[in-house]
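Each remark here refers to the structure printed beneath this line.
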């Protein structure tokens with residue numbers, strides 16, 4: 001069956017990323033299993049959890065990019081949350097006692113960077129604001145619990161609570177009714 | 001010190017004009033500026049599109065007054081002068097597409113029109129800029145909600161692009177303001193590729209026809225807004241963007257979606273999807289006569305041939321082939337929606353029962369008639385809406401992996417191939433003079449080695465096959481069967497991609 005070619009020569013269709021993802025998926029899976037087995041055999045602290053979390057971070061943030069809403073703010077929020085969890089894991093599993101001081105500082109830095117990203121281009125970034133709002137609310141709730149329930153009154157925690165509250169108010173003030181309509185969209189069940 | 005701008009071809013052109021024309025042009029640009037209250041980058045891009053179109057007209061001897069009339073900024077309406085605040089929940093059929101998409105799989109389909117001369121990109125760009133306002137739910141970007149995805153208005157420049165990738169290639173919908181469709185051109189062909197969340201074949205065809213009509217108008221033809229060509233200067237009608245599944249759901253009787261796994265054709269699956277596209281162009285009247293002489297419809301005749309072609313494309317001796325037939329629900333219900341409003345019927349045939357076209361045609365016709373009956377379709381629609389409602393409070397981060405798993409295990413395995421027939425497409429006479437043919441290509445899924453689709457315009461029926469394997473048995477057998485019915489067939493297509 002002969003036929004006429006009516007399509008142009010295409011740019012080499014890149015499927016390299018699919019292979020890279022596949023290979024790294026296998027490597028990470030094998031490494032996770034090896035870490036757990038070695039950790040169980042040798043005993044001691046559960047360092048394999050930290051190793052696996054590190055690999056999950058690389059997988060989530062670098063290799064398996066989100067298919068919807070991949071932007072600096074959403075990726076930044078994800079990085080901040082995952083880094084916070086990593087620090088808490090290290091604190092709890094290997095060297096305890098410093099996370100309640102360091103995690104608020106890291107979170108504060110992340111909030112400031114994300115706030116700058118948002119406020120320098122509000123007209124564009126207002127479409128991406130929701131992850132930032134959710135992070136800010138979570139940070140306020142988290143720091144309120146730390147301050148008032150666990151009486152964790154270190155200066156980084158106080159600075160973090162104040163910064164996140166100011167950021168949330170500034171975001172509400174900047175977006176006004178648009179923030180409300182953004183919330184309606186995000187929570188719709190139609 | 002003010003930065004000195006490099007003179008562009010448009011600046012030279014403006015400088016070459018007599019004073020009176022220059023004033024007209026300045027006034028035109030001023031009016032255009034008032035219509036573009038969008039991000040600077042988009043504004044610069046759209047303004048440049050206007051300039052390029054004016055230059056093209058000038059080079060082709062169209063007087064400035066005529067050019068400015070055809071490109072009147074009023075045709076933009078208020079689309080680009082108002083902020084992007086609209087949003088749309090996905091319809092019941094569309095909800096599954098973002099849930100089940102992956103880095104390897106995206107539901108994209110393509111509609112193309114072949115004109116009588118090569119496409120002028122400058123005018124096609126303007127045609128798209130003028131047309132998009134009439135389809136506001138196409139000017140959107142997909143977003144994550146807590147419970148469902150939704151599409152959010154995105155007022156940006158929607159560029160037309162020269163074809164440079166495989167047909168129905170994945171559309172990058174991940175970035176801020178990413179579009180969910182693309183308009184491509186190659187030689188005399190203009191193609192629209194849609195992510196299925198936006199629309200189905202019928203809605204996509206209305207868009208393609210309206211875009212092509214506007215393109216022809218910009219070229220100087222007088223194409224009326226009729227026969228499915230929308231008047232792009234009219235305001236969008238709310239009925240065109242409604243979810244008619246929810247509107248017409250009634251009764252409690254439902255039918256299940258789960259089907260037994262179908263026998264698949266053989267052949268190694270290609271990594272590039274699709275790895276080839278093939279079109280069979282036939283005389284529509286002759287095809288219709290061939291079907292009628294056997295007491296069947298064109299869809300039934302082609303489906304019967306596909307069963308035989310499937311048999312030729314496997315070494316298996318046992319099992320059942322399933323052909324999925326998308327069904328346009330607008331046939332059953334009064335609907336003006338341009339969003340998804342189609343479901344599907346399955347026809348099945350055991351490999352042992354597949355003999356000859358005439359031998360299996362009565363059974364294929366019976367199954368089609370039964371499968372697309374009013375009651376069956378109503379039950380399926382009830383089931384679809386019920387399913388959507390039952391999981392509406394499950395968060396997206398749970399729904400996504402579960403849907404991907406279920407779709408991977410059940411959805412793709414449930415059918416061997418697809419036959420989507422858009423039927424006879426009507427176009428205004430003035431537009432028909434410029435259209436040689438159209439084609440409709442379905443994106444391939446994970447397992448089905450071939451996806452078939454068909455559309456007829458101006459007396460040319462085009463059956464397209466999108467392939468997922470290099471094994472040519474299926475299309476060769478299909479071609480031989482079509483030839484055996486006495487049809488004169490012109491075959492065209494793409495090279496094998498990725499090999």
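Residue numbers (the numbering used here), protein chains in the order written: chain R, 1 to 190; chain L, 1 to 499.
Ideal placement from N, C-alpha and C gives every residue a C-beta, glycine not left out.
Pairing residue 148 of chain L with residue 66 of chain R, the inter-Cα distance amounts to about 16 Å.
Sorting L:458, L:470, L:412 by C-alpha distance to the C-alpha of residue 432 of chain L places L:458 at the top. Under the 10 Å beta carbon count, residue 367 of chain L is surrounded by 16 or more other beta carbons and is classified as buried.
In its chain, beyond the 5 residues on either side, 396 have a beta carbon closer than 7 Å to the beta carbon of residue 144 of chain L.
Residue 215 of chain L is positioned such that its CB atom lies no closer than 9 Å to that of residue 335 of chain L.
Chain-ordered listing is empty here: chain L has no CB closer than 7 Å to the CB of residue 180 of chain R, the nearest sitting near 12 Å. At least one beta carbon of chain L lies nearer than 9 Å to the beta carbon of residue 1 of chain R. Assignment of residue 60 of chain L by DSSP, reduced to helix, strand and coil, places it in the coil class.
Counting only residues of its own chain and dropping the five nearest sequence neighbours on each side, residue 399 of chain L has a CB closer than 7 Å to the CB of 99, 391.
Among the residues facing chain L, residue 48 of chain R is not included, as its CB has no counterpart in that chain under 9 Å away. Comparing alpha carbon positions, the residue from L:422, L:498, L:260, L:486 closest to residue 462 of chain L is L:422. DSSP assignment within the segment 43-120 of chain L yields the following whole beta strand (DSSP E) runs of 3 residues or more, N-terminal first: 87-89, 108-115. For the segment 5-39 of chain R, the set of residues with a beta-carbon nearer than 8 Å to any beta-carbon of chain L comprises 5, 6, 7, 8, 9, 10, 11, 13, 15, 17, 18, 21, in chain order.
Close partners of residue 187 of chain R in chain L (Cβ separation under 8 Å): 145, 146, 147.
Shown here, residue 438 of chain L sits in a strand according to DSSP, grouped into three states.
Residue state for residue 131 of chain R is assigned as helix, using DSSP reduced to three classes. With distances taken between CA atoms, residue 11 of chain L lies nearest to L:54 out of L:54, L:39, L:471, L:37.
Neighbours of residue 70 of chain R in chain L, taken as residues at a C-beta separation under 7 Å, are given in chain order as 174, 175. DSSP, reduced to helix, strand and coil, places residue 83 of chain R within a helical segment of the structure shown. Counting the other Cβ atoms within 10 Å of the Cβ of residue 118 of chain R gives 16 or more, which makes it buried. Scanning the segment 87-175 of chain R for uninterrupted alpha helix (DSSP H) segments of 4 residues or longer gives 99-120, 122-125, 129-144, 155-175, listed from N- to C-terminal end. Judged by beta-carbon spacing, residue 442 of chain L lies beyond the 9 Å limit of residue 470 of chain L, meaning their Cβ atoms are not closer than that value. Around residue 172 of chain R, the same chain offers 179 as residues with beta carbons nearer than 8 Å, after the five sequence neighbours per side are excluded.
A check of alpha carbon separations from residue 100 of chain R across R:153, R:58, R:71 identifies R:153 as the nearest. Annotation: residue 125 of chain R to residue 361 of chain L spans about 58 Å, alpha carbon to alpha carbon. The continuous stretches of beta strand (DSSP E) do not include residue 288 of chain L, which lies in the alpha helix (DSSP H) extending over residues 284-292.
By the criterion of a C-beta distance shorter than 6 Å, residue 135 of chain R is surrounded in its chain by 77, once the five residues flanking it on both sides are discounted.
DSSP links residue 149 of chain L through a beta bridge to L:144.
In the displayed model, residue 1 of chain R falls within coil according to three-state DSSP, outside both helix and strand.
Fewer than three beta-carbon pairs drawn from the segment 234-251 of chain L and the segment 308-318 of chain L are found closer than 8 Å, and the two stretches are therefore not classed as touching.
Interface annotation, residue 56 of chain L: not in contact with chain R, CB-CB separation never under 9 Å. Secondary structure of residue 234 of chain L (DSSP, three-state): coil.
Within chain R, 127, 185 have C-beta atoms less than 8 Å from the C-beta of residue 152 of chain L, given in sequence order.
Secondary structure note for residue 322 of chain L: its beta strand (DSSP E) is the uninterrupted segment 320-328.
By the CB criterion at 9 Å, residue 174 of chain L and residue 69 of chain R fall inside the cutoff. Considered as a whole, the segment 146-208 of chain L harbours 149-153, 160-162, 181-186, 189-195 as its complete beta strand (DSSP E) runs of no fewer than 3 residues, in chain order.
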